Amino acid sequence: MRLAVVCPHFAPDSAPTGEVITRIVVELAARGHELHVVTALPYYEHHRVDSAWRGAPVRRERTAWGTVTRVHPFPTDKTSLPRRAAGFVAFCTLAGAAGAVGHRVDGVLAMSPPLPLGLVGWGMRVVRGGPLVFNVQDVFPDVAIELGKLTDPRLIAAARRLERVTYRRADAVTVLSDDLRENVAAKLPAAERRKVRVIPNFVDPEAIRPADRDTAYRRELGIGDQTVVLYAGNVGFSQSLDVVVEAARRLLHRTDIVFVVNGGGSGLAEVQARAAGLPNVRFAPYQPRERLAEVLATGDVHVVPLRKGLGRSSVPSKTYSILAAGRPFVTSIDPGTEVERIASASGGGTAVPPDDVDAFVAALEKLVDDEPQRREMGRRGRAWVERAVSPASVAQAYEALFAELHGRPVTAAPA
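Shown next as structure tokens:
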């Protein structure tokens, strides 16, 4: 098949969703398909176009499997929803113009957020043909509403209309969990709810493997044999790092524990302000992708905190990477949602209610004080990842979905 892909991030951009879609493209190419990607110039790490990519608003490159067209992302202040929305609209307009150029295709795969990329994908479908598969990583505007970032009833109503229109324009909508499927399906007419499918994210167990905790990264941070409680990833408004900072405050008397926040984002300054004066909290910026396994190995216990109400709108992809690294995690998340189910199914995590500091601290201390249990949870989590969530299986699921929409059988991968 010849497929067009439109997404907000793509390698070498460091965004988690960019790593997901990049690997899907690579796996589909390995199965013999031709792909043409429209994405943004790399900008995620510093929220500005990387210096090596400046100078042209549009760049196009040929690859062994097709092409990649990169357009300016119009990055702006992430704390301002109106400015961010304007930036998304500008990016989507430019991406839509770039995506309308090219050969006919057998299908279009669009990724959200931002939500308007679904309509960009629909425009590409109209011009270039093939069914549209719309992949929803986080459900918007639900996340913005839950966080209190979108409060104007008129804007909420407009966003809800845009959401429904976008879902209805797609031939299939893929989500990461049963929770997200229920969320999205409820916004569609009964006759169209079957179009919502679950295809989870994944991790490459070959790229991320268990490693010794005595890493060079640990030494760079000036940490000795203390137990490291690690948060690695985006520091935004969805992640409830308040509970992590409060846990560090309550555990100041435990000189054997140090908390590390590795990453960046719109909420970093606020988290740093809350942690001011806490000697057991360290902050470190994003590391190059090739150091990801080392960073993950540095943590003895990982944390996956998500604000109350967001468990049915978002599935943090870092969960899979933690398990692949053979490390246990504590998640603070809505009961009965996907990450809690992953913790239970894998045996690699412990779940507590969102923003419950008492339960969070108790779960952390239990793991800190039981090294054999940490090792066993890490072993179980790694084994679950190896059998349950691989890049090849996810790419094959997308291949099968496009084939189903075309009403034709799936071909075997080339030998």
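Under this note's numbering, the first residue of the sequence shown carries the number 14, and numbering increases by one thereafter.
No residue lacks a Cβ here, since even glycine has one placed at the ideal position from N, Cα and C.
The structure presented is a predicted model; accordingly, all values stated were derived computationally and were not measured.
#1: In the DSSP output, which residue or residues are listed as bridge partners for His49?
#2: Looking only at its own chain, which residues have a Cβ that is under 7 Å from the Cβ of Leu281, when we skip the five neighbours before and after it?
#3: Hey, Ala310 and Arg226 are a contact pair by Cβ (cut 8 Å); roughly how many whole angstroms apart?
#4: Pull up the distance between the alpha-carbon of Val343 and that of Ser190, whole angstroms please.
#5: Since Asn148 is in the beta strand (DSSP E), which residue starts that stretch and which ends it?
#6: Would you say the region 283–291 touches the region 253–270, given that touching needs at least three Cβ pairs under 8 Å?
#7: Hey, would you say Ala17 sits closer than 8 Å to Gly112, going by beta carbons?
#8: Looking only at C-alpha atoms, which of Asp371, Val308 and Glu219 sits nearest to Ala260?
#9: Compare the Cα-Cα distances from Pro348 to each of Thr76, Pro218 and Gly322 and report the closest residue.
#10: List, from N- to C-terminal side, the beta strand (DSSP E) runs of 3 residues or more that fit wholly inside the region 221–258.
#11: In terms of DSSP beta bridges, what is His315 paired with?
#12: Look at the alpha carbon of Ala24 and the alpha carbon of His266, and state the distance between them as a whole number of angstroms.
#13: Compare the C-alpha of Val271 against each of Ala245, Val241 and Gly278 and name the closest.
#14: In or out: Glu176 buried (at least 16 other Cβ within 10 Å) or exposed?
#15: For Gly391, which of Arg340, Thr35 and Gly278 has the nearest alpha-carbon?
#16: Once you ignore the five residues that flank Arg96 on each side, which residues in its own chain have a CB closer than 8 Å to its CB?
#17: Going by beta carbon distance, what residues of the same chain come within less than 7 Å of Pro7, once the five residues before and after it are set aside?
#18: Determine the burial state of Ala428: buried for a count of at least 16 other Cβ atoms within 10 Å of its Cβ, exposed for fewer.
#19: Taking buried to mean at least 16 other C-beta atoms within 10 Å of its own C-beta, is Arg167 buried or exposed?
On the basis of the data shown:
#1: Taking the sequence shown and counting its residues from 1, the one referred to as residue 49 is at position 36. DSSP output for His49 lists Ala17 and Thr80 as bridge partner(s).
#2: What you label residue 281 is simply residue 268 of the sequence shown in a count that begins at 1. These residues qualify, in order along the chain: Val248.
#3: Within the sequence shown, residue 310 is the residue found at index 297, counting from 1. Within the sequence shown, residue 226 is the residue found at index 213, counting from 1. Indeed, because the Cβ distance is near 6 Å, the residues count as touching under 8 Å.
#4: Counting from one through the sequence shown, the residue named residue 343 turns up at place 330. Counting from one through the sequence shown, the residue named residue 190 turns up at place 177. So the two alpha carbons sit approximately 19 Å from each other.
#5: Locating residue 148 in the sequence shown gives position 135, counting from the first residue. Counting along the chain, the beta strand (DSSP E) containing Asn148 begins and ends at Leu145 to Val149.
#6: yes
#7: The count along the sequence shown starts at 1 and reaches residue 17 at position 4. The count along the sequence shown starts at 1 and reaches residue 112 at position 99. Contact: yes.
#8: By 1-based counting over the sequence shown, the position of residue 260 is 247. Here the closest residue by C-alpha is Asp371.
#9: Mapped onto the sequence shown, residue 348 falls at position 335. The candidate whose alpha carbon is nearest that of Pro348 is Gly322.
#10: 240–245
#11: Mapped onto the sequence shown, residue 315 falls at position 302. DSSP output for His315 lists Leu243 and Phe342 as bridge partner(s).
#12: Indexing the sequence shown from 1 puts residue 24 at position 11. Indexing the sequence shown from 1 puts residue 266 at position 253. Distance between the alpha carbons of Ala24 and His266 is about 43 Å.
#13: Locating residue 271 in the sequence shown gives position 258, where the first residue counts as 1. Considering only alpha carbons, the answer is Val241.
#14: One-based indexing of the sequence shown puts residue 176 at position 163. When all chains shown are included, Glu176 counts as buried.
#15: Within the sequence shown, residue 391 is the residue found at index 378, counting from 1. Here the closest residue by C-alpha is Arg340.
#16: Here residue 96 refers to the residue found at position 83 of the sequence shown. Excluding positions up to five away in sequence, the list reads Thr89 and Asp90.
#17: One cannot answer for residue 7 here, as it falls past the ends of the chain, which runs 14 to 428.
#18: Mapped onto the sequence shown, residue 428 falls at position 415. The pLDDT assigned to Ala428 is 34, lower than 50, so where the model puts this residue is not dependable; a value taken from the coordinates is nonetheless given after this. It is exposed - the Cβ of Ala428 has fewer than 16 other Cβ atoms within 10 Å.
#19: Here residue 167 refers to the residue found at position 154 of the sequence shown. With fewer than 16 other Cβ atoms within 10 Å, it is exposed.
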